[in-house]
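2 protein chains.
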Amino acid sequence: MAYVLAVVTQFSGGQKEIHIKARGRAISKAVDVAEIVRKKFVQDAKIDSINIDTEEISAENEKINVSTIEILLKK
Amino acid sequence: MAYVLAVVTQFSGGQKEIHIKARGRAISKAVDVAEIVRKKFVQDAKIDSINIDTEEISAENEKINVSTIEILLKK
Chain E
-2 MAYVLAVVTQ FSGGQKEIHI KARGRAISKA VDVAEIVRKK FVQDAKIDSI
48 NIDTEEISAE NEKINVSTIE ILLKK
Chain G
-2 MAYVLAVVTQ FSGGQKEIHI KARGRAISKA VDVAEIVRKK FVQDAKIDSI
48 NIDTEEISAE NEKINVSTIE ILLKK
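Respectively, the protein sequence lines represent chains E and G. Residue numbers are given in the working numbering: position 34 of the first sequence equals residue 31, and the series is strictly consecutive. Residue numbers are given in the working numbering: position 41 of the second sequence equals residue 38, and the series is strictly consecutive.
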């Protein structure tokens, strides 16, 4: 809920566009945040675009690939 | 990897479009499947669209909201 509040606060502050980014297992939470914001709190916010990609991160001397998501919400 | 194989098999069988759907925590896995398929196995597959939504499901006499994702891969 902390991220939902952060997004709602930014929209209330006059922001017209908010990018929600996440990677790995947090991706499903990013989708939850976007959905809760637009369905419950900021009903005139629309999903403008959703992009997914892969990022290479270093973890304990090896490189692993992690999926990322970027959701753009617009008022 | 089972889902990656399923998608790759369908593309090899001549399918031009594949929908990957998931809900809840499986959403991040759906993104992984799409990314692994297009980056490692079927490099001419492109992400045509990504849609997210909310579904109401019944669980032990109460209704809960679950986020969903649908990724359309096209060759």
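A virtual CB, placed ideally from N, CA and C, is assigned to each residue, including glycine.
Residue range of the alpha helix (DSSP H) that includes residue i
| i | result |
| --- | --- |
| V73 of chain E | With chain E running from -2 to 72 in the structure shown, residue 73 of chain E is simply not present. |
| D29 of chain G | I24 to I33 |
Chain E contact for residue i (CB, 8 Å cutoff)
| i | result |
| --- | --- |
| V28 of chain G | yes |
Residue-chain proximity (residue i, chain G), Cβ-Cβ < 8 Å
| i | result |
| --- | --- |
| T51 of chain E | yes |
| S9 of chain E | no |
| K36 of chain E | yes |
| T47 of chain E | The amino acid occupying residue 47 of chain E in the given sequence is Ile; Thr does not appear at that position. With 8 Å as the cut-off, I47 of chain E counts as an interface residue toward chain G. |
| E32 of chain E | yes |
Selected residue, minimal CA-CA separation from residue i, among the options
| i | options | result |
| --- | --- | --- |
| I17 of chain E | E:A3, E:N58, E:G11 and E:S9 | E:A3 |
| D29 of chain G | E:D45, E:V34 and E:I49 | E:I49 |
| E53 of chain G | G:R22, G:V5 and G:N62 | G:N62 |
| E32 of chain G | G:Q12, G:D45, G:R22 and G:S64 | G:D45 |
| V39 of chain G | G:I66, G:E67 and G:I15 | G:I15 |
| V1 of chain G | G:T51, G:A42, G:R22 and G:S64 | G:A42 |
| K71 of chain E | E:T6, E:Q12, E:M(-2) and E:A(-1) | E:Q12 |
| R20 of chain E | G:R20, G:A19 and G:I24 | G:I24 |
Residue range of the beta strand (DSSP E) that includes residue i
| i | result |
| --- | --- |
| A(-1) of chain G | Careful: A(-1) of chain G lies outside any beta strand (DSSP E), inside the alpha helix (DSSP H) at A(-1) to S9. |
| A42 of chain E | Where A42 of chain E is concerned, there is no enclosing beta strand (DSSP E), given that its DSSP letter is neither H nor E. |
| K18 of chain G | E14 to R20 |
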